[in-house]
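Novice:
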Amino acid sequence: MSGSSPAIDTYDLTKWYGAKAAVRGLSLRVERGEVFGFLGPNGAGKTTSIKMLLGLVRPTSGHATVLGGPIDTPSARAKVGYLPEHFRFHEWLRLDEFLDVHARLNGVPRAERARRILELMELVGLSAATRQQLGTFSKGMLQRAGLAQALVNEPELVFLDEPTSGLDPMGRRLVRDVIHRLSERGVTVFLNSHLLSEVEVTCTRVGFITSGQMREVVPLASALNGLVRVTLHLGTVDDALRCGLARWGRLVDEPGADPRQVVLDVPNDECLPEIARWLVGQGVALYGMAPQRLSLEDLFVRIAGSDRSWETS
Ligand SMILES: Nc1ncnc2c1ncn2[C@@H]1O[C@H](COP(=O)(O)OP(=O)(O)O)[C@@H](O)[C@H]1O
Ligand SMILES: [Mg+2]
Numbered sequence: 003m004s005g006s007s008p009a010i011d012t013y014d015l016t017k018w019y020g021a022k023a024a025v026r027g028l029s030l031r032v033e034r035g036e037v038f039g040f041l042g043p044n045g046a047g048k049t050t051s052i053k054m055l056l057g058l059v060r061p062t063s064g065h066a067t068v069l070g071g072p073i074d075t076p077s078a079r080a081k082v083g084y085l086p087e088h089f090r091f092h093e094w095l096r097l098d099e100f101l102d103v104h105a106r107l108n109g110v111p112r113a114e115r116a117r118r119i120l121e122l123m124e125l126v127g128l129s130a131a132t133r134q135q136l137g138t139f140s141k142g143m144l145q146r147a148g149l150a151q152a153l154v155n156e157p158e159l160v161f162l163d164e165p166t167s168g169l170d171p172m173g174r175r176l177v178r179d180v181i182h183r184l185s186e187r188g189v190t191v192f193l194n195s196h197l198l199s200e201v202e203v204t205c206t207r208v209g210f211i212t213s214g215q216m217r218e219v220v221p222l223a224s225a226l227n228g229l230v231r232v233t234l235h236l237g238t239v240d241d242a243l244r245c246g247l248a249r250w251g252r253l254v255d256e257p258g259a260d261p262r263q264v265v266l267d268v269p270n271d272e273c274l275p276e277i278a279r280w281l282v283g284q285g286v287a288l289y290g291m292a293p294q295r296l297s298l299e300d301l302f303v304r305i306a307g308s309d310r311s312w313e314t315s
């Protein structure tokens, strides 16, 4: 396994349940250190995708690697963390016991366990509940305990399936902070969510999935430096020119648009002068360049249409 291999690489990953395709033709590459958001309505195929990546669900076709190899080896599993969507807890265990069980299951050496567990409880804000039984925990506390559990093996790659479900605003913020800290340490995070706002503030890139199919993947340079859709009005446009422009972002096809117009989604507006210079260098007449800030919501509406019913938690 080489350190430069992507964190996740899938090719045409597909899962059928009877006559229903839960996930269809998922091809996705997530680089190490990314915080990737997988966004889509309930039933879109997010959990099934994660489970295929974890080797918990066998794909009908296609294949996937994590951290450069197949997931179904002990050494690969040891580097991966997972917070399942509906995590089941052993109610009779105390928090420290629960984390110790999971640390042992992950082969964390005894000398290391106590230190790491203290650190994790601190990280998820549960230090005061160390010796409390899980059965007495609120839903939010359980979710945090689950998050600590997902990190107990100090994973290189963490899958979080709807990590803020059941959390109040403080809890959501905590999850966000934990994700930022993981990201600072170079950990790759794969986050499933049906909440636009959550993905928008947390992720470096987001994929939209509906009805089992990935519709679009967009970079989010940062929450402050949002996406820009720039419309270029040019003298002439050919395929080579469109190809050249695609290096800065994603070409948007707008049916029926003026053929001398190119619409491009770019990660931020810093590349606009560069694009203008390049066009001039190509000898193309540039009549206009109209940038427009794009929110994730704008993009999402375009992809999911007018059905916003699932967007609430
Ligand atoms: N074990 C299963 N058996 C049959 N259908 C399933 C199973 N798991 C998921 N599905 C179906 O696959 C689709 C995708 O589900 P899921 O991956 O859980 O979506 P999401 O996590 O995006 O809400 C849904 O229609 C769901 O009903
Ligand atoms: Mg799900």
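Our numbering numbers the first residue of the sequence shown as 3 and each following residue consecutively.
Ideal placement from N, C-alpha and C gives every residue a C-beta, glycine not left out.
#1: CB G27 to CB T212, shorter than 7 Å?
#2: Which residues bound the alpha helix (DSSP H) around K48?
#3: So the candidates are D271, Y289 and V282; which of them puts its Cα closest to the Cα of R2?
#4: Quick check: the Cα distance between R187 and P275, rounded to an integer number of angstroms?
#5: Applying the criterion that 16 or more other CB atoms from any shown protein chain within 10 Å of the CB defines a buried residue, is E272 buried or exposed?
#6: Going along the chain, which unbroken runs of the alpha helix (DSSP H) with 4 or more residues stay wholly within the stretch 55-129?
#7: Measuring CB atoms only, is the stretch 125-133 touching the stretch 73-91, in the sense that at least three cross pairs come out at less than 8 Å?
#8: Secondary structure at A2, three-state DSSP: helix, strand or coil?
#9: Classify L226: buried if its beta carbon has 16 or more other beta carbons within 10 angstroms, exposed otherwise.
#10: Could you give the DSSP three-state label for E33: helix, strand or coil?
#11: If you reduce the DSSP assignment to three classes, tell me which class A24 lands in.
#12: Please list the terminal residues of the continuous alpha helix (DSSP H) segment that includes Q151.
#13: Report the rounded CA-to-CA distance for T62 versus L107, giving the unit in angstroms.
#14: Looking at T49 and ligand 1, is the gap between the Cβ and the nearest heavy atom below 6 Å?
#15: Rounded C-beta distance between L101 and A150? I'm assuming under 8 Å.
Specialist: So, to answer that:
#1: Going by C-beta atoms, G27 is not nearer than 7 Å to T212.
#2: K48 -> alpha helix (DSSP H) spans K48 to L55.
#3: With the chain covering 3 to 315 only, the question about residue 2 has no answer from this structure.
#4: Between the alpha carbons of R187 and P275 lies a distance of about 33 Å.
#5: With fewer than 16 neighbouring CB atoms inside 10 Å of its own CB, E272 falls in the exposed class.
#6: If you keep only unbroken alpha helix (DSSP H) runs of at least 4 residues inside the stretch 55-129, you get 76-79, 97-107 and 112-125.
#7: Judged by Cβ distances under 8 Å, the stretch 125-133 makes no contact with the stretch 73-91, as fewer than three pairs qualify.
#8: Only positions 3 to 315 of the chain appear in the structure, and residue 2 is not among them; the question remains open.
#9: For L226, the predicted model reports a pLDDT of 40, less than 50, meaning its position is unreliable and no value from the coordinates is stated.
#10: The answer is coil: DSSP assigns E33 none of H, G, I, E or B.
#11: Of the three classes helix, strand and coil, the one that applies to A24 here is strand, per DSSP.
#12: Segment K141 to A152, the alpha helix (DSSP H) holding Q151.
#13: The straight-line gap from Cα to Cα measures roughly 29 Å.
#14: Yes, the Cβ of T49 comes within 6 Å of a heavy atom of ligand 1.
#15: Right, their Cβ atoms sit about 6 Å apart.
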